[in-house]
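Visitor: Residue numbers (this note's numbering): 311 to 838.
1) Could you give the first and the last residue of the continuous alpha helix (DSSP H) run that contains residue 587?
2) Can you tell which of 791, 763, 782 has the C-alpha that lies nearest to the C-alpha of residue 771?
3) Rounded to whole angstroms, what is the Cα-Cα separation between residue 757 and residue 780?
4) Does residue 746 pass the burial test, meaning 16 or more other C-beta atoms within 10 Å, or should it be called exposed?
5) Could you give the distance in angstroms between the alpha-carbon of residue 752 and the alpha-carbon of residue 816?
6) Starting from the Cα of residue 773, find the closest Cα among 702, 474, 801 and give me that residue.
7) Thinking C-alpha only, which one of 491, 820, 707, 737 is nearest residue 763?
8) State the DSSP-derived secondary structure class of residue 568, mapped to helix, strand or coil.
9) For residue 791, write down the residues that DSSP places opposite it in a beta bridge.
10) Taking the continuous beta strand (DSSP E) assigned at residue 469, which residues delimit it?
11) Below 8 Å, can you find three or more Cβ-Cβ pairs linking the region 565-581 to the region 596-610?
12) I'd like the list of long-range same chain contacts for residue 585, defined as Cβ closer than 8 Å, with 5 residues on each side in sequence excluded.
13) What is the rounded straight-line gap between the Cα of residue 326 and the Cα of residue 363?
14) Cutting at 7 Å between CB atoms, please list the residues of its own chain near residue 724, excluding the five before and the five after it.
15) With H, G and I counted as helix, E and B as strand and the rest as coil, what does DSSP make of residue 679?
16) Anyone know if the C-beta pair for residue 334 and residue 319 falls short of 9 Å?
17) Please report the straight-line C-alpha distance between residue 811 and residue 694, rounded to a whole angstrom.
18) Below 8 Å on the Cβ atoms is my contact criterion, and I expect residue 525 with residue 550 to pass it. Report the Cβ-Cβ distance as a whole number of Å.
19) Take residue 823 and list the residues in its own chain whose beta-carbon comes closer than 7 Å to its own, dropping the five residues that flank it on each side.
20) Taking residue 529 as the reference, give the member of 612, 367, 544 with the closest Cα.
21) Just to confirm the assignment, what range does the beta strand (DSSP E) spanning residue 518 have?
22) In angstroms with no decimal places, state the Cα-to-Cα distance between residue 684 and residue 830.
23) Is the beta carbon of residue 389 sitting closer than 9 Å to the one on residue 381?
24) Classify residue 588: buried if its beta carbon has 16 or more other beta carbons within 10 angstroms, exposed otherwise.
25) Tell me which same chain residues have a C-beta within less than 8 Å of the C-beta of residue 704, skipping the five on either side of it?
26) Which complete alpha helix (DSSP H) runs does the region 522-558 hold, if anything under 4 residues is left out?
27) Closest to residue 345 by CA distance: which of 700, 776, 536 is it?
28) Check for me: the alpha helix (DSSP H) holding residue 317 runs from which residue to which?
29) Where do the N-terminal and C-terminal ends of the beta strand (DSSP E) with residue 496 fall, by residue?
30) Give the DSSP-derived three-state secondary structure of residue 456 in the structure shown.
31) Under three-state DSSP, which class holds residue 828?
32) Just the Cα atoms here: how many angstroms apart are residue 613 and residue 575?
33) Under three-state DSSP, which class holds residue 411?
34) In chain order, what residues of the same chain have a beta carbon less than 8 Å from the beta carbon of residue 789, not counting five sequence neighbours either side?
35) According to DSSP, simplified to helix, strand and coil, what is residue 810?
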């Protein structure tokens with residue numbers, strides 16, 4: 311996630327590759343980020359004989375030519391660069407690792423282009439909010455994925471406000487940040503009107519010193535402005551999205567985003583991630599034009615940015631983006647878009663099976679268990695008011711296939727909607743039962759007026775061996791019955807009298823029984 315230490319992981323990977331005698335390319339989307347990474351690498355690798363190069367418009371054509379020549383001769387170990395790294399004149403002597411930072415800012419063709427330089431190159435992709443295509447490639451096993459889930463010590467979530475443009479609130483936010491010795495980003499993403507906005511802000515907060523940064527400035531100008539701002543010579547940096555990716559100035563802990571409805575979801579999340587990078591409480595103000603009607607998509611994005619405030623929400627934001635925009639074309643270059651011929655879940659399953667097959671693994675299709683109990687389990691209107699959101703959460707719950715995913719959705723719900731009501735917890739328990747039953751190869755669990763019926767894959771002898779090992783209060787209640795001979799594929803059934811059990815008792819009993827069965831089956835297998 312933003313500010314969780316991805317760069318630190320990359321630094322260690324870079325160092326290991328250089329020690330192995332390989333060259334490393336670090337590809338970043340902006341000149342500011344390139345300069346920042348170059349400074350970080352220079353500082354960290356100072357005690358070691360690592361030769362560094364920088365390719366961006368902050369370097370003169372003569373300096374760039376020197377770096378390009380040294381790359382070809384193997385006289386540069388690590389090169390940090392923007393899209394300049396993708397031009398035809400770039401040749402490496404022995405490229406071993408490519409690090410792509412803020413991956414969501416690059417096109418597919420860009421990334422494939424640099425991979426072609428060397429067919430055996432290892433690629434490390436860093437992103438808090440990956441594009442749908444990349445995230446799906448990771449989720450489906452085409453690419454490996456590693457998540458950093460632990461935030462740095464004393465890190466607090468960014469307090470986020472979303473609302474119509476409010477000059478008096480902006481004045482208060484800037485002065486409040488200045489009072490505690492901090493600085494402010496004011497993001498206005500139109501170069502044509504950025505100076506008019508600075509004049510407006512100077513009238514609004516005459517106590518503050520303002521400076522402007524945008525992508526149409528020369529490299530020298532931009533470098534000077536960013537350096538001056540980092541050295542606290544100004545209070546407010548009025549800028550475009552040039553600060554969106556990776557820029558790290560710990561003293562800036564308030565960000566104000568003008569016309570936030572014009573930004574994509576992951577973009578908003580990245581922008582908000584420019585603050586809150588130390589142990590000081592940070593604030594983000596996302597404003598929209600009160601006189602303009604917000605589109606449905608813009609409303610959804612702003613709602614999501616307000617809801618996802620916990621540390622580590624980047625992964626959830628990326629999943630929501632995947633859900634909204636679609637997965638894209640895995641074999642082609644489209645980075646988002648929906649499958650037409652087959653449904654999403656079937657597509658995922660087919661892709662997963664194909665990957666398993668190509669890797670030479672046995673493809674085992676596991677049928678999901680059916681849980682049919684008379685239990686009150688639902689998402690109440692009072693808890694989740696919006697019916698579209700409620701339907702989406704039901705769908706997400708139905709798609710869950712691991713215990714970890716179930717824990718994650720519970721944590722997310724608690725953060726977004728508050729304490730989880732009893733009816734919804736029971737719904738979660740039913741999903742947990744489904745997962746446990748599927749793992750135990752139990753195809754069906756249902757209740758009628760007299761019995762709880764559990765279809766099981768055990769013979770009488772197997773059941774008796776298991777029953778002996780189960781706690782008495784669980785095993786004693788269950789009676790094994792053979793399958794119906796006249797019905798093809800009919801499985802044996804465990805019958806449990808449920809005359810004294812209500813729906814909640816049934817769920818409790820089944821959770822305990824399945825947990826014990828799983829444990830004892832493992833123990834029996836270990837003794838064989």
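A virtual CB, placed ideally from N, CA and C, is assigned to each residue, including glycine.
For clarity, every value in this text was computed on a predicted model and none was experimentally measured.
Guide: Concretely, from the data shown:
1) Where residue 587 is concerned, there is no enclosing alpha helix (DSSP H), given that its DSSP letter is neither H nor E.
2) 791
3) 22 Å
4) By the neighbour-count criterion, in which a residue is buried when 16 or more other Cβ atoms sit within 10 angstroms of its Cβ, residue 746 is buried.
5) 16 Å
6) 801
7) 820
8) coil
9) 803.
10) 469-474
11) yes
12) Here residue 585 has 468, 495, 562, 563, 564, 565, 592, 593, 594 as same chain residues with Cβ atoms under 8 Å from its own Cβ, once five neighbours each way along the sequence are excluded.
13) 18 Å
14) Closer than 7 Å at Cβ, skipping near neighbours: 730.
15) coil
16) no
17) Those two C-alpha atoms are separated by around 30 Å.
18) The beta-carbon distance between residue 525 and residue 550, rounded to whole angstroms, is 6 Å. This is short enough to meet the 8 Å contact definition.
19) 784
20) 367
21) Neither: residue 518 is in no beta strand (DSSP E) and is coded neither H nor E.
22) 28 Å
23) yes
24) buried
25) Cβ within range, chain order: 689.
26) 529-540
27) 536
28) 316-329
29) 493-497
30) coil
31) helix
32) Rounded to whole angstroms, the separation of the alpha carbons of residue 575 and residue 613 is 10 Å.
33) Note: residue 411 maps to strand in three-state DSSP.
34) 804, 805, 806
35) coil
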